[in-house]
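In the working numbering, the protein residues as written are 416 to 941.
Backbone N, C-alpha and C fix where the C-beta goes; we use that ideal spot for every residue, glycine too.
For reference, the structure discussed in these notes is given below.
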């Protein structure tokens, strides 16, 4: 019995060693080993019982091995099923991707304020055409530079190349024909170019681009021309590793919530684009309406001027002094002034409508179009990924049904056996077609990057719009308050003139001049 126990213990040790090393003996090999051991030992009356126990132990080990394999496969399947239950349709695990890292400049750290506060017409010389330069001031650095429209165009173009997933602010379109140097056109362009620069420094990703800082600070003409040439040579980014960011990382994320947000944003901007167009049309109509009313008031004033001339002719034709009506002449002068000056206040309203409604909403109309273009690119990128994923899954299905592992392009580090892969479709799909899976991964990361970048930009833009509208229309309201105050002084002047009828023109003119000075003082203070 002692000899039998020693032999059984040795056999269990050998089997445990085989399990640890991952090598298992066949039944024939096991039998040969048993026969060899029997020859080296003397016969034992309990030999039959011993062989039965060995056979039972061997069967138990084989069953245990199969159970372990089955449990391993079930664990993989359960993990996959659990992930499916947790993930809504269209969900993809988000990831961080390494990209080019930008140096953190003082410009990026500061709260930047940019103003395009004027323009200048520059002669093109004997052979060249005249052009406009726009004066840009950047605070708190007190940079002061002048740039042509083509310079703005070059800056925006390089940003589109380097940041394909970000919503780059719009500028006015290039004129294909003759340059338009009219005051109205230049002011409209100035307003939009200022918005463009202000929007750039509000976007964290774009603000980190060194080309923006160099655009705003470079005063040397030769250095700036070199900068323009450098920007024109920049190639469009196609790989995520080529994207530039401050921390050297970009996020890729595809999920149901982001997809819904982008879809609803597309619907919102589609409808709002039509509404903004209508607002612009109505703003133009309001501009025309103010012009017509101003012109009508001027015509009425002209009528009173004609009545003044008629009353003057009438008085000059009379021989008796007491028959003359000099107050008529004074009254018609007052009424002429009233309508002319009233019309002039409406002319200032035309300017306010043009700058604060027409130009303002034109920019946001263009911004909406840029948002729609970026959303379209995001949709195309996402569709490309899902189309490729479906095509690859169909191919995996065909290859799995064929059960030919040579076609599967399995990675060298795959730890599962052929039988395990052939019997488990989901497990096989995880490892087969390695090259195509890598391509799918690249497309997924790109689609996720576009979705995440557009999603963050849209939220930021909508939040900023509330603040921008508030600031803009507070300023617009202040202008209207000034106009109301100016109208108050105007009508006070007219009432004073009517009170002074027959009391002398000199006093009326002096009072009118004094009131006008008071109005100017009020406007200067505010």
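Under a three-way DSSP split, which group does residue i fall into?
i, result
"residue 535", "strand"
"residue 516", "strand"
"residue 546", "strand"
"residue 580", "coil"
"residue 634", "coil"
"residue 498", "Annotation note: pLDDT 38 at residue 498 (below 50); position unreliable, no value reported."
"residue 823", "coil"
"residue 617", "coil"
"residue 445", "For residue 445, the predicted model reports a pLDDT of 44, less than 50, meaning its position is unreliable and no value from the coordinates is stated."
"residue 713", "helix"
"residue 644", "helix"
"residue 889", "helix"
"residue 906", "helix"
"residue 874", "helix"
"residue 916", "coil"
"residue 607", "helix"
"residue 735", "coil"
"residue 848", "coil"
"residue 867", "helix"
"residue 504", "Residue confidence is low: residue 504 scores 45 on pLDDT, short of 50, so the model does not pin down where it sits. No coordinate-derived value is stated."
"residue 529", "strand"
"residue 492", "Bear in mind that a pLDDT of 49 at residue 492, under 50, signals an unreliable position, so the model cannot answer this."
"residue 451", "Note that residue 451 has pLDDT 48, beneath the 50 cutoff, so the model's placement of it is unreliable and no number is given."
"residue 553", "strand"
Measure how close the beta-carbons of residue i and residue j come, nearest whole angstrom, since I'm counting them as under 8 Å.
i, j, result
"residue 756", "residue 894", "In fact, because the Cβ distance is near 18 Å, the residues do not count as touching under 8 Å."
"residue 786", "residue 580", "Not confirmed; about 13 Å, so no contact."
"residue 668", "residue 857", "Rounded, the Cβ-Cβ distance is 15 Å, inconsistent with contact."
"residue 713", "residue 646", "Not confirmed; about 50 Å, so no contact."
"residue 549", "residue 562", "6 Å"
"residue 793", "residue 677", "6 Å"
"residue 514", "residue 607", "Going by Cβ atoms, the distance from residue 514 to residue 607 rounds to 31 Å, so no, they are not a contact pair."
"residue 849", "residue 825", "7 Å"
"residue 613", "residue 690", "Contact doesn't hold; Cβ gap of about 23 Å is too wide."
"residue 831", "residue 842", "7 Å"
Let me make sure I understand the geometry here. Which of the options has the alpha-carbon closest to that of residue i?
i, options, result
"residue 701", "634, 668, 646 and 773", "773"
"residue 621", "653, 591 and 584", "584"
"residue 532", "512, 520 and 560", "560"
"residue 859", "640, 796 and 644", "796"
"residue 692", "818, 566 and 784", "784"
"residue 815", "898, 844 and 832", "844"
"residue 754", "739, 720 and 824", "720"
"residue 661", "696, 812 and 618", "618"
"residue 854", "840, 872, 808 and 915", "808"
"residue 558", "874, 776, 514 and 634", "634"
"residue 555", "565, 542, 536 and 526", "526"
"residue 626", "881, 517, 608 and 897", "517"
"residue 861", "543, 729, 578 and 725", "578"
"residue 788", "515, 832, 680 and 827", "680"
"residue 750", "614, 908 and 887", "908"
"residue 629", "819, 567 and 614", "567"
"residue 775", "591, 836 and 887", "887"
"residue 536", "641, 605 and 743", "605"
"residue 544", "565, 512, 523 and 593", "593"
"residue 764", "705, 739 and 726", "705"
"residue 670", "831, 801 and 836", "801"
"residue 623", "798, 613 and 524", "524"
"residue 898", "758, 740 and 588", "758"
Under 7 Å, do residue i and residue j count as touching if we go by C-beta distance?
i, j, result
"residue 534", "residue 601", "yes"
"residue 1013", "residue 723", "This structure cannot settle anything about residue 1013, because the visible part of the chain is limited to 416 through 941."
"residue 673", "residue 866", "yes"
"residue 596", "residue 864", "no"
"residue 571", "residue 551", "no"
"residue 576", "residue 651", "yes"
"residue 913", "residue 745", "no"
"residue 891", "residue 771", "yes"
"residue 811", "residue 847", "yes"
"residue 553", "residue 642", "no"
"residue 762", "residue 709", "yes"
"residue 902", "residue 711", "no"
"residue 872", "residue 582", "yes"
From which residue to which residue does the alpha helix (DSSP H) around residue i run?
i, result
"residue 658", "It is not in any alpha helix (DSSP H) - residue 658 carries neither H nor E in the DSSP assignment."
"residue 807", "774–817"
"residue 942", "Lying outside 416 to 941, the shown extent of the chain, residue 942 is not represented and no answer is given."
"residue 771", "Run containing residue 771: none; DSSP gives neither H nor E here."
"residue 597", "Element bounds for residue 597: n/a, residue is neither H nor E."
"residue 540", "First-last for residue 540: undefined, no H or E at that position."
"residue 524", "521–524"
Which residues mark the beginning and the end of the beta strand (DSSP E) in which residue i is found?
i, result
"residue 559", "558–563"
"residue 668", "664–669"
Tell me whether residue i counts as near the ligand SAM, meaning its Cβ is closer than 6 Å to at least one heavy atom of that ligand.
i, result
"residue 878", "By its list of ligands, the structure shown contains no ligand whatsoever, and the ligand SAM lies outside what it can speak to."
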